[in-house]
Every structure is written in C-alpha cells, then in structure tokens.
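Have a look at the structure below before the remarks.
Number of protein chains: 2
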Amino acid sequence: MNDSRKLPRLPSVKRLPSYLHELKLMRDNQQQVVSTTQLAQRLGLEPIIVRKDLELASSPGSPGVGYNIHNLIAGIENFLGWNDETPVFLIGVGNLGTALLGYRGFIEYRFNIVAAFDNDPRKIGTQVHEKPVFSIDDLAAKAEEFHVKIAVLSVPCEYAQTAANQIVNAGIKAIWNFTNTPLSLPPNIVQQRVNMAGDLAELSVKLSGKLYSDTPDI
Amino acid sequence: MNDSRKLPRLPSVKRLPSYLHELKLMRDNQQQVVSTTQLAQRLGLEPIIVRKDLELASSPGSPGVGYNIHNLIAGIENFLGWNDETPVFLIGVGNLGTALLGYRGFIEYRFNIVAAFDNDPRKIGTQVHEKPVFSIDDLAAKAEEFHVKIAVLSVPCEYAQTAANQIVNAGIKAIWNFTNTPLSLPPNIVQQRVNMAGDLAELSVKLSGKLYSDTPDI
Chain H
519 MNDSRKLPRL
529 PSVKRLPSYL
539 HELKLMRDNQ
549 QQVVSTTQLA
559 QRLGLEPIIV
569 RKDLELASSP
579 GSPGVGYNIH
589 NLIAGIENFL
599 GWNDETPVFL
609 IGVGNLGTAL
619 LGYRGFIEYR
629 FNIVAAFDND
639 PRKIGTQVHE
649 KPVFSIDDLA
659 AKAEEFHVKI
669 AVLSVPCEYA
679 QTAANQIVNA
689 GIKAIWNFTN
699 TPLSLPPNIV
709 QQRVNMAGDL
719 AELSVKLSGK
729 LYSDTPDI
Chain B
519 MNDSRKLPRL
529 PSVKRLPSYL
539 HELKLMRDNQ
549 QQVVSTTQLA
559 QRLGLEPIIV
569 RKDLELASSP
579 GSPGVGYNIH
589 NLIAGIENFL
599 GWNDETPVFL
609 IGVGNLGTAL
619 LGYRGFIEYR
629 FNIVAAFDND
639 PRKIGTQVHE
649 KPVFSIDDLA
659 AKAEEFHVKI
669 AVLSVPCEYA
679 QTAANQIVNA
689 GIKAIWNFTN
699 TPLSLPPNIV
709 QQRVNMAGDL
719 AELSVKLSGK
729 LYSDTPDI
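In order, the protein sequences belong to chains H and B. The first sequence begins at 519 in the working numbering and counts up by one. The second sequence begins at 519 in the working numbering and counts up by one.
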C-alpha cells in the first residue's frame, strides 16, 4: 500500500496528535475498531479529511469495518517517529522555562525533557521540577551523553540567537523556539516556532474588529 | 497620516510584540531615537519589512532621524489595545493550566490571568500560583464582575468543546485555545489556537527528513 501514500501535507501532520489522543482514549475504553465517521465526529472534521489524513499512517480502513485501533495508533506513532521516548533538552530556566519543565503533557507524545541548561550560577547544579540544571557550557558534552537531537529554547529574546548558536555547535538538530525572536540557523537545522506574544497580538487585533488585508506578506 | 495606513497583514501583526520588546529594552537604556536599520538588525529583518510593519502603529520615521522610541511604543500599544491591563480567565487547572498560571511572561503584554476555573471540587476554592480557582458554574457571574472578554482554554481535549460552550454562554468574546482540539464557535467569537502537539508532530516530521507536498490542503 506504500505506493498509494502521498507526500504529507502540513495540516494533516499537525492533526495527527489529535487522532492519536482520541484513539488512545478509545483503546483505553476497550474499543477495537473505529470508523472514519466516528473519528470525524469526535474531531469535528469532514470524513474525507480524516480518510486523507490517515493515509499518511495506515493502510486504508476496510469498507464497512473501519480501522483497527491498535494498528492505527502504531501507524501514526511510526510515521511521527514517536514509538520511542525522545529525550529533549531545555535551554533557559526563566519563567517560561520553569513552566515548561513543570508541564507533564509532552510525555503523552514521548517527549521527555531530561535536563535543562542556564548560564546563571545560582541555577546551575540545582533541580527544577526534578530536572537537573547544567551549565550552558556543558551543552555539547551532555548532548552527546544523552543522545539529544532536540532543544526547547526558552531564553529571553536578547539571548536567543547566541543560545541558538551554542545549540547548533553542540550538534543538536532541531530547535523548538519559544522565544519571540526568529532565529538565523544553518539550512540543515529544523526550527519550529511557538510565538505566544504574536498569538496574543493576533487575538487582540481580531477582538478589536480590525480587518486584515488578504494580500500576501511582502 | 491615517489615510496612509493599510489593512494590517497578519505576519506584521505577529511581529509587533518583538518590536515592543526591543523598543522597551532601548528605552530602559535611555535611548531616545531608533532607526529602521537598527531595528532591522536587532530583529534579523529586512529594513523594508520593518518600515511596512511600523506603518501600522506610527507615523513614518523622519528620514535621517528615525523614530521617537516613546512615541513608537505608545503607537504599537495603542494599535494592539495593550495600553491598559487586560484581565483574562484561565479554564482548566491541570498540568498545562498550572504551568500557564505560573508563567509571568504575559504581563509584559498587559495580559493578566486574574482567576482560574475548574470543575474539580478539590481545586475549587484553592489558589494556584496565587490565583483563585472558582467553579466553572460561576464563570458567567465572574466574567461580568471582572469585565473579562478573553479566556485561556487548557482543559483536556475531551472537555474542550463543552468548556468552550460554557465560555461563550458566559459572554466571553475570545478563546486562546491551548487544547489539541479545534473548536466550533459562533462566528462572532475569536479563536486563537496554540497547537503544541501539532507543532511537535511538524518538528518530528521535518527532523526525519520527510518531504512535504506543496499542494494546498483539501
């Protein structure tokens, strides 16, 4: 069935965790099989979208029978590379970093923040939410020791690029960037941004009733 | 100068908090005036982008002189409606909700989570990070009392739509949705999503080197 699969489209990829979450709830309820229609209803999507999305991760469901839930969970986890736990570092133990260290929700997706890094001597050597805080100078050695390829970046904006350079030099391949600053990175490094302040700006402008131009950004 | 302003484009709006952050650092350093070029360098943007973005919030900078920093901060805050503190409610005091209650970073943008709501009797009546936790049944009364128009939604996915309906019924006008579930809302309600699990999925797929189709989503 592999040849029927297409290159993934981003919106489909971003919906996969929602399927995973619903499917795990069903599995924990002893449900064995799910129809496209049921998944579509649970997620508020059109059935055609569900069918297309799940092509990424599965053989088609049998008509009139649906998808085997265990197989579908395994297929999605396999597609995303979420079969095994992914060790992740967090850089910058300020307010946001501390909040992220305390948040247990990433573990549902097998993302485990195993250690944090900072340049503040008062923080280095301590534990925050039971995670050890190391010196940023030890990043390369620890990345090798823990086999870490992903870093969560939560430093203040003015340190964002410097910290990003240290992350890249440590051999880490992807940065989940929670700062408000876009980063200049080598082309082989993956950057994923969460721009919460930008989201708040968008929300504020929408709430004020201001209109958008639909001309593309320059 | 008003007639020279254009309808805002979304990427420009989302960059405004970064300008605000840099401008406040400069102001706190006693700097009075800033050039387009300096801002562009600090933010890693092209000067033409900076000039266009700041048209939203300001008269043009004087050629050879630049922007008055105090006026530019006021202009951006005025455009975003961030002159005054915005009281916000948080719905769902689980792992993520607790992390968000503990995060002090929103206050830079005048967003103040003044109270939280849950349906768990063990949480109702307590304080979490010094914020009171009320019963979700009291949402409408408290929204009126605190003049709240924005809710942060951080309940588990399976309760997301039910909680969203309660938020809408309470007269709240905007939902900052941190659940993994898109919400069905009346057209006059603003929804802003932070899909962290979806971001992780995107990051995982990019890191695996899988390619994207650039055909539009169906």
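Backbone N, C-alpha and C define an ideal beta-carbon position, used for all residues, glycine too. Given the structure is predicted, the values throughout are model-derived calculations rather than measurements.
Selection H:Q679, H:V686, H:Q645 evaluated against L657 (chain H) yields H:V686 as nearest (Cα-Cα).
Secondary structure at N713 (chain B): coil, using DSSP grouped into helix, strand and coil. Your pair T697 (chain H) and A678 (chain H) checks out as a contact, with CB atoms roughly 4 Å apart and the cut at 8 Å. In terms of beta-carbon proximity, A634 (chain B) stays away from the interface with chain H, with every pair separated by 7 Å or more. Taking the CA atoms as reference points, L590 (chain H) sits about 39 Å from N683 (chain H). Under the 10 Å beta carbon count, H665 (chain H) is surrounded by fewer than 16 other beta carbons and is classified as exposed. According to the DSSP assignment, D571 (chain B) belongs to the alpha helix (DSSP H) that extends over 565 to 573. Judged by DSSP secondary structure, V632 (chain H) falls within the beta strand (DSSP E) whose first and last residues are 629 to 636. For P535 (chain B), the uninterrupted alpha helix (DSSP H) segment begins and ends at 528 to 546. Residue-level contact check: G562 (chain H) touches chain B, since one or more beta carbons of chain B fall below 7 Å from its beta carbon. Close partners of R622 (chain H) in chain B (Cβ separation under 8 Å): N613. Counted as a single uninterrupted DSSP element, the alpha helix (DSSP H) harbouring I591 (chain H) occupies residues 587 to 598. Against chain B, a Cβ distance below 7 Å from A719 (chain H) picks out V531, K532, L534, P535, L598. Only C675, E676, K691, A692, W694, N698, T699 from the segment 671 to 699 of chain B bring a Cβ to less than 7 Å from some Cβ of chain H.
Residue environment analysis places H539 (chain B) among the buried positions, since at least 16 neighbouring C-beta atoms fall within 10 angstroms of its C-beta.
DSSP places L618 (chain B) inside the alpha helix (DSSP H), whose first and last residues are 613 to 620. Boundaries cannot be given for T697 (chain B), as no beta strand (DSSP E) includes it and DSSP labels it neither H nor E. The Cβ-Cβ distance between Y585 (chain B) and V531 (chain B) does not fall below 7 Å.
Residue pairing by DSSP places F607 (chain B) opposite B:A633, B:A669 in a beta bridge. In this structure, the beta-carbon distance from G593 (chain H) to S576 (chain H) falls below 7 Å.
Taking every protein chain shown into account, the CB of V606 (chain H) has 16 or more other CB atoms within 10 angstroms, so this residue is buried. Closer than 7 Å to the CB of S553 (chain B) there is not a single CB belonging to chain H. CA-CA distance, E676 (chain H) to M544 (chain H), rounds to 45 Å. Chain B has a Cβ within less than 7 Å of the Cβ of G716 (chain H). Per DSSP, K660 (chain B) is one residue of the alpha helix (DSSP H) stretching across 657 to 664. With the rule of 3 Cβ pairs closer than 8 Å, the segment 622 to 636 of chain H does not count as touching the segment 643 to 650 of chain B. Around the Cβ of T555 (chain B), a 10 Å sphere holds fewer than 16 other Cβ atoms; the residue is exposed. As DSSP reads the structure, A692 (chain B) sits in a beta bridge with B:I668, B:V708. Among the residues of chain B, those whose CB is under 7 Å from the CB of F629 (chain H) are L718, following chain order. A residue is called buried when at least 16 other Cβ atoms come within 10 angstroms of its Cβ; I625 (chain H) does not meet this threshold and is exposed. Ranked by how close their Cα comes to the Cα of S726 (chain H), the residues B:V651, B:V708, B:G727 have B:V708 in first place. Of the candidates H:R622, H:V611, H:G623, H:G562, H:V611 places its Cα closest to the Cα of R622 (chain B). Proximity of H539 (chain H) to chain B, defined by a Cβ-Cβ separation below 7 Å, is satisfied. Counted as a single uninterrupted DSSP element, the alpha helix (DSSP H) harbouring V686 (chain B) occupies residues 678 to 687. The Cβ atoms of K691 (chain H) and K724 (chain H) lie no closer than 7 Å to each other.
In the three-state DSSP reduction, K641 (chain B) falls in the coil class, being neither helix nor strand.
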